[in-house]
Each structure stands twice: as C-alpha cells, then as structure tokens.
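Undergrad:
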Amino acid sequence: MTSILTNNGAMVALQTLQSVNNDLTEAQNQISTGKKVGSASDNAAVWAISKTMESDVAGFEAISESLAVGEATVAVASAGAEQIVNTLTDIKELIVSAQSENVDHAKIQDDITKKSEQVAAIIAAAQFNGANLLATDIDGNSTTSMGVIASLDRVGPTGTPSATEISIDTVDFEANVDLVANLTAITDSTTAATALGEIEAFLSTAIDGAAALGSDSARLTDQGEFVSKLTDAMKLGVSSMTDTDMEEASARLKALQTQQSLAVQSLTIANSAPSTLSQLFR
1 MTSILTNNGA
11 MVALQTLQSV
21 NNDLTEAQNQ
31 ISTGKKVGSA
41 SDNAAVWAIS
51 KTMESDVAGF
61 EAISESLAVG
71 EATVAVASAG
81 AEQIVNTLTD
91 IKELIVSAQS
101 ENVDHAKIQD
111 DITKKSEQVA
121 AIIAAAQFNG
131 ANLLATDIDG
141 NSTTSMGVIA
151 SLDRVGPTGT
161 PSATEISIDT
171 VDFEANVDLV
181 ANLTAITDST
191 TAATALGEIE
201 AFLSTAIDGA
211 AALGSDSARL
221 TDQGEFVSKL
231 TDAMKLGVSS
241 MTDTDMEEAS
251 ARLKALQTQQ
261 SLAVQSLTIA
271 NSAPSTLSQL
281 FR
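All residue numbers for the sequence shown refer to full-length UniProt numbering, where the first residue is 1 and numbers rise by one.
(1) Just how far apart, CA to CA, sit Ser117 and Ile91?
(2) Shortest alpha-carbon distance to Glu71 belongs to which of Phe128, Leu94, Val20 and Asp104?
(3) Can you check which of these residues, Gly38, Ala201, Glu82 and Ser100, is closest to Glu242 by C-alpha distance?
(4) Output yes or no for whether 8 angstroms exceeds the beta carbon distance between Ser145 and Ser162.
(5) Starting from Ala150, trace the beta strand (DSSP E) both ways and give me its first and last residue.
(6) How long is the line joining the alpha carbons of Val57 and Ser66, rounded to whole angstroms?
(7) Is Leu262 closer than 8 angstroms to Ala10 when the C-beta atoms are compared?
(8) Mind checking Gln223: buried by the 16 CB within 10 Å criterion, or exposed?
(9) Put Thr160 into one of helix, strand or coil per three-state DSSP.
(10) Closest to Val74 by C-alpha separation, out of Ile49, Thr231 and Val171, would be which residue?
(11) With DSSP collapsed to three states, give me the class of Asp245.
And the structure:
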C-alpha cells in the first residue's frame, strides 16, 4: 500500500544506509588502528584473553632479561674457571720439573707463588653485576647459590601465574682452590712430591667446577631460546585474535563503500515516491 503519511520504502532504505554506515565506520577503524578487537566492547571474551596473554608476554620478556643476566654471570665465572684450569696445569708442570734435585727449587717456588696469586686474583675478579660464582659467598650476603627466574607457569585461563627458577650453585674455588694457603712450598724433591699430589687434587676440583659451570651455561642458553620462542608464539596468538587482516578488511571496505552508494540511491528513490504519487491527482 502506498501512503502519503508513511514512506515505508524510505524508512527501510534509511535503516539499510545506517547499518552500512555503521559497518563502514567499523571497517575504517579496524584499518586505521590495525585492531579488529581494540576494546572490550568489540569482543569481550577475546579482549579478556588477549589482555591476559599480553601480561604473560610482558612477564616472559622480563624473564628473558633475567636469563640473559644469569647467562652473563655464569659465562664470566666459566671463563675464569677455564683460565684457572690452565694456570693450575702450568703450576703442575713447574712442580713436576721440581722433582729433580739438581734444579733451582727457590726459583720454581717463586714462579708457583706468582701463579697461585694469579689464581686468587682470577677468583676475586670473576664477578658480574656483583655476583661471583667462584667465591664462597656469591654476593656478599652469605649466599651459596643464585636463583635465575626461568619460566612463568599458569594453570587454567584464570589461574595465578607462578615463577620457577633455575638454581646455580657456587663452585667455591675461593675455598676449594686456595693454593696460597694450602699448597706445600717447594724446597726440595720431597716437598715437590707432596705438592704434586695437592695440585692434582686442586686441578681435579677446578676441572669439575668448570664443567659444572659449562652445564649451567648450556641450560640457561637452552631455556633462553625456549622462552624467546614461547614469547614469539604468544605474540602471534594475540595478533591472530586481535589484529586486523588488512587484505580482508580492504576488500570489505570496498564492498561496504559500494553498498553505501547503492543505499543512498535507494533512499533517494524512496524519498521521491511521494512526489510521484502527487502526480496521480493532477
């Protein structure tokens, strides 16, 4: 039925145009911001999940920094331990050469003393950011192990996350490889024989300590790589949930622009209907 009081066609066309305009505004916002879910009003469930994941990503990025500091601390200690092994090997060679009677034991002992002091200096210097894994007390607070935050564990989507640590123990070369206090001074072949047994024990301790630090370093490196990959995967997950698919959005924008043009034409035609009706009464 055609009515001069109510233009049904215009009302329908106007509703269609308003709907298209709303969709067009949404598409333009998604393209300009790069987000299809930028607020809770867009999709409350997805927005909540993405925010939880984003907070976890921030946590794992902090963990990566912690692991990097831990790796550096262990790397410094490992370099010091390996240098100590080399120095102890040199000392062992000197002691072996002192087994004979027709050598200058005083000169050999002088060389051993200097190298022993070098070992002590390496132990004291092998610290990073105040932490020394070759010392008896790692950080001056009676600490014998160093905790490195390694992961963030969450049970369920709303569970409280908990941090886990990798514990790195001191190898305590300060006490266990104290040549200055515990290596017998060489004065003859007899004391040289005693010192040889002692240096063998020190060398074994140093090798074991260096190996332990090497294992700790490898573990931290592996964990760092895992956390990096996990962080990237979580970022991709958040992106897939909230970021705009630009190809899809661009195609949708063009389609909506076409729909808008057609809706405007439909509204124009519908608005002209009353004037067409008036011609019937001329």
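Where is the CB? At the ideal position from N, CA and C, for every residue including glycine.
Treat the numbers as computed from the prediction; the structure is a model and nothing was measured.
TA: According to the structure data:
(1) In the sequence shown, residue 117 corresponds to position 117, counting from 1. In the sequence shown, residue 91 corresponds to position 91, counting from 1. Reading the sequence as shown, one finds Glu at residue 117 and not Ser. CA-to-CA, the gap between Glu117 and Ile91 works out to about 11 angstroms.
(2) If you number the sequence shown from 1, residue 71 lands on position 71. Per the Cα distances, Phe128.
(3) The count along the sequence shown starts at 1 and reaches residue 242 at position 242. What sits at residue 242 in the sequence shown is Thr, not Glu. Nearest C-alpha to Thr242: Gly38.
(4) Your numbering for residue 145 matches position 145 in the sequence shown. Your numbering for residue 162 matches position 162 in the sequence shown. In this structure, Ser162 does not lie closer than 8 angstroms to Ser145 by Cβ.
(5) The sequence position of residue 150 within the sequence shown is 150, counting from 1. Where Ala150 is concerned, the enclosing beta strand (DSSP E) stretches over Ser145 to Asp153.
(6) Within the sequence shown, the letter at position 57 stands for residue 57. Within the sequence shown, the letter at position 66 stands for residue 66. Their Cα atoms are separated by approximately 14 angstroms.
(7) Taking the sequence shown and counting its residues from 1, one reaches residue 10 at position 10. Taking the sequence shown and counting its residues from 1, one reaches residue 262 at position 262. No, Cβ-Cβ distance for Ala10 and Leu262 is not below 8 angstroms.
(8) Walking along the sequence shown from the start, residue 223 turns up at place 223. By the 10 Å Cβ count, Gln223 comes out buried.
(9) Position 160 of the sequence shown, counting from 1, holds the residue named residue 160. DSSP places Thr160 outside both helix and strand once states are collapsed to three, so it counts as coil.
(10) Within the sequence shown, numbered from 1, the residue matching residue 74 stands at position 74. The residue with the shortest Cα to Cα distance from Val74 is Val171.
(11) For the purposes of this step, residue 245 is identified with residue 245 of the sequence shown, where counting begins at 1. Asp245 falls in the coil class under three-state DSSP.
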